[in-house]
Every structure is written in structure tokens, then in C-alpha cells.
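What follows is a set of notes on a single structure, which appears directly below.
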Amino acid sequence: QKEVEQNSGPLSVPEGAIASLNCTYSDRGSQSFFWYRQYSGKSPELIMFIYSNGDKEDGRFTAQLNKASQYVSLLIRDSQPSDSATYLCALGVEYGNKLVFGAGTILRVKS
Amino acid sequence: EAQVTQNPRYLITVTGKKLTVTCSQNMNHEYMSWYRQDPGLGLRQIYYSMNVEVTDKGDVPEGYKVSRKEKRNFPLILESPSPNQTSLYFCASSFKGTGFSPLHFGNGTRLTVT
């Protein structure tokens, strides 16, 4: 089983809708979680990070973490065509001092 | 502007010809690392460095070398490139490499080895 699993998509949502992106992980000891956005051919950009169970909101983005169920999600409200990108979920691993990334979910927002 | 700068952006080379991809950050970050990104496999760590003269292997270090002689620079060296090293490479840095610090990525280097 991969350490970080994401549905590859594409996930298609209409403009203005809520996009829900999900990620599951296998390491119960994981403490830090990150969401990155990556446009085609570009570098990953940090959207949010979350360390505690519950919700964390930043503008149109909300990250949700449930450590008991080992999943983390990202909600994008009022989705815009410019949100169309690949969204990468990552968890922090102290051993090896790295982030372990999922393969990403492609989001398409249709106007 | 705070940034991680990689060069070159694109590189086409032949099997066995040594090459170096440079990486520099201006944020005084202690931690730097190299990742490669391949379709379906995501981003995988090649090497990382916790500070000057401190480097260690990541998940896919075979065929790569690194050095950290200055805090700001972390070059990636391919001494004898092979076609399976064709990939998109990213250098990244963070304030502290504890797994709690977000990574800041460079713009990437697309390498093709023929």
C-alpha cells in the first residue's frame, strides 16, 4: 500500500461549486499534512498545512484532518477555472526529513 | 524576493555525459532537498541536506550525487546519466527539515537523457 493515496481524477466541477479533494495515508504516526497545487509544467505551490484534527480555513480553502480515520481533505469553495490544476497531498516524515507526496488529483473547473 | 532558483530549466543530454543542475535559495534555509517527479509516481526525494556539509540519501539516490559547501547552494550531479533519469527535477528548501516545515520549490528542471 502506498503511503499517501489520492484519486487521480480528473474531478470535474462547475464554476462556483465546491470541489472536494481527498487523501488517505497509511502511517498512523504522521503529524503534519500539506496541500500543494501544481499547474502543468510548473512547480508545486503550498496552499495549506494542517497539524491538528479538525478544520482549518484560509480564504476559499478548508483543510480537514481526521487522524483516527487517516484521511485529510481539501475543500475549495466557489471554484474558479483558475483552480484547474493538480492537487498534491503530502505528509511530513521526520525519518528522512522529507515530505511524502501522493500522485495528485487533477481538478477541472468548467465555466 | 524569496525564492529557490534552479538552472537550467531544460536540459537535453546523452547517456554518460556528466551534468550538474544548480540550486540556490536566498531564504537562509537550513534544509534543502532534491525531488524527481514522474507520471504516476509523484514526487520522490533523491537527496537532502540538513545543513552545510550534512547530506543524506532519500528514496531514490542511485545515480545521483550532491554537495552542500555553502548554505545557499545545493547542486545535483549526475556523473553518468542514463535514460531512466529522464524526469522533472525540483529543488526545494525549508526553514527546518523536521517534516513540519513546508517546502518551497524551485521552478524545476526538465531533463531528457537520450
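Taken in order, these protein sequences are the chains called L and E. Positions in the first sequence are counted from 1; adding 220 to them yields the working numbering. Positions in the second sequence are counted from 1; adding 964 to them yields the working numbering. Note that CB positions come from ideal geometry on N, CA and C, so glycine has one too.
Nearest-angstrom beta carbon gap, residue j and residue i [assumed within contact, 8 Å]
i, j, result
"R1074 (chain E)", "L1052 (chain E)", "5 Å"
"L308 (chain L)", "V320 (chain L)", "Contact flag wrong, Cβ pair sits at about 11 Å."
"N317 (chain L)", "Y1028 (chain E)", "The Cβ separation is near 17 Å, so there is no contact."
"G236 (chain L)", "S299 (chain L)", "7 Å"
"L1005 (chain E)", "A323 (chain L)", "7 Å"
Environment of residue i [buried if 16+ CB atoms lie within 10 Å]
i, result
"K330 (chain L)", "exposed"
"S263 (chain L)", "buried"
"Y995 (chain E)", "buried"
"T325 (chain L)", "buried"
"T306 (chain L)", "buried"
"T1099 (chain E)", "The requested residue 1099 (chain E) does not occur in the structure, where chain E is confined to residues 965 to 1078."
"S252 (chain L)", "buried"
"I976 (chain E)", "exposed"
"V313 (chain L)", "buried"
"M268 (chain L)", "buried"
"G274 (chain L)", "exposed"
"I238 (chain L)", "exposed"
"A283 (chain L)", "buried"
"Y168 (chain L)", "Limits of chain L in this structure are 221 at one end and 331 at the other, which puts residue 168 (chain L) out of reach."
"P1003 (chain E)", "exposed"
"R1000 (chain E)", "buried"
"S250 (chain L)", "buried"
In DSSP terms, what residue i is bridged to
i, result
"Y256 (chain L)", "L:L266 and L:L308"
"K276 (chain L)", "L:A283"
"L231 (chain L)", "L:L327"
"E225 (chain L)", "L:T244"
"D1002 (chain E)", "E:G1006"
"T1050 (chain E)", "BP columns for T1050 (chain E) are empty, so no partner."
"N1037 (chain E)", "E:S988"
"S1058 (chain E)", "E:Y995"
"R914 (chain E)", "Outside the displayed span of chain E (965 to 1078) sits residue 914 (chain E), for which this structure offers no information."
"I296 (chain L)", "L:A239 and L:F281"
"D1020 (chain E)", "E:Y1012"
"F321 (chain L)", "L:A310"
Nearest residue (CA-CA) to residue i, options the options
i, options, result
"W998 (chain E)", "E:V1077, E:T1076, E:F1064 and E:S1058", "E:S1058"
"H993 (chain E)", "E:G1006, E:C1055 and E:L975", "E:C1055"
"P234 (chain L)", "L:F281, L:D303 and L:M268", "L:D303"
"I296 (chain L)", "L:S289, L:A288, L:Q290 and L:G279", "L:G279"
"P1047 (chain E)", "E:L1067, E:K981 and E:G1072", "E:K981"
"T244 (chain L)", "L:V292, L:P230, L:G229 and L:L327", "L:V292"
"I1010 (chain E)", "E:A966, E:Q1049, E:K1035 and E:E1017", "E:Q1049"
"V1018 (chain E)", "E:S1031, E:A966 and E:P1025", "E:S1031"
"F1064 (chain E)", "L:F254, L:K287 and L:S232", "L:F254"
"R328 (chain L)", "L:V224, L:L241, L:G249 and L:E265", "L:L241"
"F281 (chain L)", "L:S272, L:Q290, L:L266 and L:S260", "L:L266"
"K287 (chain L)", "L:E225, L:Q258, L:L294 and L:S246", "L:S246"
"F956 (chain E)", "E:F1038, E:T1076, E:P1045 and E:E1034", "Nothing about residue 956 (chain E) can be read from this structure; chain E reaches only from 965 to 1078."
"R248 (chain L)", "L:P301, L:L285 and L:L294", "L:L285"
"T1076 (chain E)", "E:S988, E:K1021, E:P1045 and E:E965", "E:P1045"
"K1060 (chain E)", "E:N971, E:Q967, E:A966 and E:M991", "E:M991"
Contact list for the region 1047 to 1071 of chain E against chain L, Cβ threshold 7 Å: Those would be F1054, G1061, T1062, G1063, F1064, P1066, L1067, F1069, G1070 and N1071, in chain order.
Chain E contacts from the region 297 to 330 of chain L (Cβ-Cβ distance under 9 Å): Within the region 297 to 330 of chain L, the residues whose Cβ lies closer than 9 Å to some Cβ of chain E are L308, A310, L311, G312, V313, E314, Y315, G316, N317, K318, L319, V320, F321, G322, A323 and G324, listed in chain order.
Cβ-based contacts, 7 Å cut-off: residues of the region 1011 to 1032 of chain E near chain L: Residues passing the 7 Å Cβ filter: Y1012, M1014 and G1022.
Interface positions of the region 988 to 1004 of chain E facing chain L (Cβ-Cβ less than 9 Å), listed along the chain: Identification of residues in the region 988 to 1004 of chain E having a C-beta nearer than 9 Å to some C-beta of chain L yields Y995, S997, Y999, Q1001, P1003 and G1004, given in sequence order.
Chain-ordered residues of the region 260 to 272 of chain L with a beta carbon less than 8 Å from chain E: Residues of the region 260 to 272 of chain L whose Cβ lies closer than 8 Å to any Cβ of chain E, in chain order: G261, K262, S263, P264, E265, L266, F269 and Y271.
Interface residues of the region 238 to 256 of chain L facing chain E [CB-CB below 9 Å]: So the close ones are S250, Q251, S252, F254 and Y256.
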